[in-house]
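Numbering (our numbering), first residue to last: 28 to 121.
The beta carbon of each residue, even a glycine, is placed where N, CA and C say it ideally should be.
What you are looking at is a predicted structure, and each value in this text was computed from that prediction instead of being measured.
Here's what the structure looks like:
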């Protein structure tokens with residue numbers, strides 16, 4: 028696996044700024060967190076460190092709404108139909 032393809036997971040007690048710097052040093056410009064490990068302010072930390080943030084495992088409506096609200100670059104879900112419906116709702120109300 029290429030170094031840029033190695034998944035980097037943040038452990039529950041993590042230092043996200045350090046993880047972002049480690050990713051940058053390895054030439055990785057985007058990290059993804061499991062959505063249930065995301066914390067308030069993670070997006071701002073990543074932006075400050077010039078690393079793009081994504082989520083994975085957004086498998087229910089509240090998680091999908093959180094992904095959209097947090098403005099991540101991308102997220103994975105087993106329920107794309109719910110994601111599309113939520114996105115349409117957001118676009119209509121904006």
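Worksheet item: Using the beta-carbon count (16 or more within 10 Å), is residue 119 buried or exposed?
Response: exposed
Practice prompt. Using only alpha-carbon positions, find the residue among 121, 97, 98 and 91 that is nearest to residue 111.
Written response: 91
Worksheet entry | Reference residue 89, options 113, 45, 56 and 58, closest by Cα | 113
Practice prompt. State yes or no: is the C-beta of residue 83 within less than 7 Å of the C-beta of residue 59?
Written response: yes
Worksheet entry | 7 Å Cβ cutoff met for residue 80 and residue 55 | no
Practice prompt. Keeping to the same chain, check which residues put their C-beta closer than 8 Å to that of residue 42; ignore five residues upstream and five downstream.
Written response: none
Discussion item. Between which two residues does the beta strand (DSSP E) holding residue 62 run?
Written reply: Here residue 62 belongs to no beta strand (DSSP E), and DSSP marks it neither H nor E.
Practice prompt. Measure the Cβ-Cβ separation of residue 62 and residue 44 and say whether it is below 7 Å.
Written response: no
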